[in-house]
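Report on one structure; see the data block that follows.
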Amino acid sequence: MKGFMRIMLGAVLILFLAFPAAAVSSASQVESFLTVAADGSCQVTTTVTLHLEQTQEDLVFPIPAGAANVTLNGSRAKTTSGGDRLYVDLSKAYGGVTGDVAFTLNYTMYGLVAENSEGALELRLPLMSGFSFPVDAMSFSITLPGEIPDRPAFASGYYQSSIEKYLTYTQEGAMIQGSTTQSLKDHETLVMTLAVSDQMFPQVTRPVERTSLDELAMGACAALALIYWVIFLRCPIPWKKHSTCPPQGYSAGQAGTVLFLKPCDLTMMVLSWAQLGYLHLRYSLDRVMVTKQMDMGNERSGFERKWFRKLFSKGNTVSTASNFYVQLAQAVEAPGISGGELLKGRRGSLRIFRALLALLGVGAGVNIGIPLASGGVLQWVWVAVFGLAGGIAAWKMIPWLSHFFLRTPGQGWLCLVAGGVFVVLGVFSGEAPSVSLGVLGILLGGVLYAWGGRRTEAGLLLREEILGLRSYLRKGEVRGTASDLRQDPDCFFNLLPWALALGVDKAFARNMGGRKLPDCPYVIMDKSLSYSPDQWCRFFRQLAKDMEQRKAQQSRGRILQLFTPLTGKPKKRRR
């Protein structure tokens, strides 16, 4: 038995001798030179000598993921990202060779200086990023922008902080030089950290920290706005009173004034006056001419008589494309021109309430801006820009909600879209709860703003009548309205200005059925039209749009003028 074991052992030894041991590829030498700048960036030059026992089809060298401007031997390097590393492709240059090869990498790292968990500035410098081969010897030379204030600390993937037992280094002035005293394992990582000062890195911006004071300030603004509304602007809940005809003494252009204390709408006022017979409209292509038919007497309010006289102060015919008409529209639509008779003598200011709500937008913008701009260049400027943008957006959003009840519901939808953009930015910045609450406060405040304002009994009654008329036109008693249409075709045109002003013209047209109607009695056209109620509805929408075309052009022109100082005036061509 012992003889058999000796024979087997001899056979095994012969087999080992027959096959030579496989040699292992390694990095004979890795030498790095790092120069750290005052802005926290670092220029790195690494020279690597490889000993390759066999060809390597997928030969790569790992560097930190944030590396930029990577070159291999002076030429642009091909890189691929993976996890927290960037891999420089070496296979094209060295994948098919064996023996000793050397190459030089150059790259730049950014953002190496940041606050640690204790709030102190710290330099974190990656020296090795996990090369797949063992490293026989490594050396490094680090140059800082100032004298080194403290001893550095080193940590590796395998040995953690114990790696310092296998390193030797010296520090003198602004330079740290060191090397390993034994080989490093494959996939080893090495990082140096150093406590630094603001004086050494004056260009590094400390990130802005958001505190709970932001939410407290937003909550205080919301509370102040609510208290102000309750004390000065509270108003009974709006109810609707059944009504099938417009209120006496008010035109369709004053619907927004009665409902929401908004400025008058001259376009709707003119359509109402045309329906009442005071004027008629000549509509040709996209031009609208307004022609006076008779004077307006005491049967209408003093407000309407005043602006009717101004409309025809320069003649009995006015073009809606004239500067005079545009200026008149801007004057009648100015805040505070109408609606004073609907309010009690002692009342608060909706503008103050609106300003308090706009501060919620400022707070939401600041909460979004702090994490997005933190640590960046001019971060406080960006935070201020986000806050200002949030305040302006909130200021615009607050009155837009009421447009769901008027002829421009698009502004109401725009308000909801703006609120959604706020929430998305809040999610992106990691501040979704506070931003969402701010947006919710703005939207709820917009509802209070729309229905707020101390009103007289007559003002409340008028509001209820118009809400009832709107409900009647929108829902309608289909059989009743269709019956009215058969008996009196003009009833559709009599109510259409109000349906258009209240944003229910499409529903009103559906309630009227599909019967063809004759020409509108107060709109003169080039040819006779036989339209259904739905077609007349689209016709009147286009008519109103063309009446306001000149005003819209001037508004766009004023917006473009704001950018003229930035772009400069266009140069005239020389003849």
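Residues -23 to -1, 1 to 552 in mature numbering (1 follows the signal peptide of the UniProt record, and there is no 0) are what the sequence shown spells out, letter by letter.
All C-beta atoms, glycine included, are put in the ideal place defined by N, C-alpha and C.
Note that the structure is predicted; figures quoted are calculated from it, not measured.
task: Please report the residue range of the alpha helix (DSSP H) in which leucine 441 lies.
output: According to the sequence shown, residue 441 is glutamate rather than leucine. Run containing glutamate 441: 434 to 451, per the alpha helix (DSSP H) assignment.
task: Find out if the Cβ-Cβ distance for the pair glycine 453, asparagine 488 is shorter than 8 Å.
output: yes
query: Taking the beta strand (DSSP E) that serine 94 falls in, what are its first and last residues?
result: For serine 94, no beta strand (DSSP E) run applies, since DSSP gives it neither H nor E.
- prompt: Cβ of proline 122 within 8 Å of Cβ of alanine 15?
  reply: yes
message: Beta-carbon within less than 8 Å of arginine 533's beta-carbon, same chain only, minus the 5 sequence neighbours each way: which residues are those?
response: Closer than 8 Å at the Cβ level, and outside the excluded window around arginine 533, lies no residue.
- request: List the whole-angstrom C-beta distance separating isoleucine 375 from glycine 430, where the pair is believed to meet the contact cut-off of C-beta under 8 Å.
  value: The C-beta distance from isoleucine 375 to glycine 430 rounds to 14 Å, too long to fall under 8 Å, and the pair is not in contact.
- request: Check whether the stretch 122 to 140 touches the stretch 199 to 216, counting contact only when three or more Cβ pairs, one atom from each stretch, lie closer than 8 Å.
  value: With a cut-off of 8 Å, the stretch 199 to 216 and the stretch 122 to 140 do not count as touching, because too few Cβ pairs lie within range.
message: On the criterion of 16 or more Cβ atoms from any shown chain inside 10 Å, does phenylalanine 405 qualify as buried, or is it exposed?
response: exposed
message: At the level of alpha carbons, what is the spacing between leucine 228 and methionine 246?
response: Per the sequence shown, the amino acid found at residue 228 is serine instead of leucine. One C-alpha to the other measures close to 6 Å.
task: Measure how close the beta-carbons of valine 309 and tryptophan 284 come, nearest whole angstrom, since I'm counting them as under 8 Å.
output: That belief holds up - the Cβ atoms of valine 309 and tryptophan 284 are roughly 5 Å apart, short of 8 Å.
field: Closest residue to leucine 82 among Leu337, Val7 and Pro240 (Cα-Cα distance)
entry: Val7
query: Just reading off the beta strand (DSSP E) that asparagine 46 is part of, what are its end residues?
result: Boundaries of the beta strand (DSSP E) harbouring asparagine 46: 45 to 49, taken from the DSSP string.
message: Which residues does DSSP list as the beta-bridge partners of glutamine 20?
response: Thr12 and Thr85
Cβ neighbour criterion (16 or more within 10 Å) applied to glycine 403: buried
message: Suppose contacts are defined by Cβ-Cβ distances below 8 Å. Is histidine 368 in contact with glycine 415 by that definition?
response: Reading off the sequence, residue 368 comes out as glycine, not histidine. Their beta carbons are not under 8 Å apart, which means glycine 368 does not touch glycine 415 by this criterion.
Which of helix, strand or coil DSSP assigns to proline 498: In the displayed model, proline 498 falls within coil according to three-state DSSP, outside both helix and strand.
message: Closest to methionine 273 by C-alpha separation, out of Lys287, Val265, Ser261 and Asp263, would be which residue?
response: Of the candidates Lys287, Val265, Ser261 and Asp263, the one whose C-alpha sits nearest the C-alpha of methionine 273 is Lys287.
field: Secondary structure of arginine 259, DSSP reduced to three states
entry: Annotated three-state conformation of arginine 259 is strand, per DSSP.
query: Cα separation between asparagine 275 and leucine 262?
result: 35 Å
task: Report buried or exposed for valine 455, applying the criterion of at least 16 other Cβ atoms within 10 angstroms of its Cβ.
output: Its pLDDT being 45, under 50, valine 455 is placed unreliably in this model, and the coordinates cannot settle the point.
- request: From the DSSP output, in three-state form, read off arginine 518 for me.
  value: helix
- request: Taking 8 Å as the cut-off, decide whether the C-beta atoms of alanine 335 and glutamine 526 are in contact.
  value: Against a cut-off of 8 Å, the Cβ pair of glutamine 526 and alanine 335 comes out as no contact.
- prompt: Between proline 498 and serine 249, which are expected to be in contact by the criterion C-beta below 8 Å, what is the C-beta distance as a whole number of angstroms?
  reply: Contact flag wrong, Cβ pair sits at about 14 Å.
task: State the DSSP-derived secondary structure class of phenylalanine 382, mapped to helix, strand or coil.
output: Residue state, collapsed to three classes: helix.
message: Tell me the DSSP secondary structure of glycine 368 in three-state form.
response: Annotated three-state conformation of glycine 368 is helix, per DSSP.
task: For proline 41, I'd like the list of residues in its chain whose CB is within less than 8 Å of its CB, leaving aside the five on either flank, ordered along the chain.
output: Same-chain partners within the cutoff: Asp61, Arg62, Leu63, Met86, Pro103 and Ser106.
message: For phenylalanine 470, tell me which candidate among Tyr449, Val500 and Arg451 has the shortest Cα-Cα distance.
response: Val500
- request: Alpha carbon to alpha carbon, how far is aspartate 113 from lysine 162? Give it in angstroms, no decimals.
  value: 9 Å
N-terminal and C-terminal residue of the beta strand (DSSP E) that arginine 62 is part of: 62 to 66
- request: Kindly indicate the opening and closing residues of the beta strand (DSSP E) around arginine 264.
  value: Looking at the DSSP string, the run of the beta strand (DSSP E) that includes arginine 264 is 264 to 269.
message: DSSP three-state label for valine 177, please.
response: The residue you asked about is not valine; residue 177 is methionine in the sequence shown. In this structure, methionine 177 counts as coil in the three-state DSSP scheme.
Backbone CA spacing between alanine -1 and asparagine 93 [nearest angstrom]: Interpretation of alanine -1 is limited by its pLDDT of 46, a score under 50 that renders its predicted location unreliable; the figure taken from the coordinates is listed afterwards. The straight-line gap from Cα to Cα measures roughly 44 Å.
- prompt: Roughly how many angstroms lie between the CA atoms of leucine 190 and proline 410, to the nearest whole one?
  reply: 15 Å
query: Based on the DSSP output, what are the partners of glutamate 149 in its beta bridges?
result: Met152
message: So that I know if they touch, is there some Cβ in chain C lying closer than 8 Å to that of glycine 346?
response: Absence of chain C from the displayed structure is noted, only one protein chain being present.
- prompt: To which residues does DSSP link glutamine 137 through a beta bridge?
  reply: Ser133
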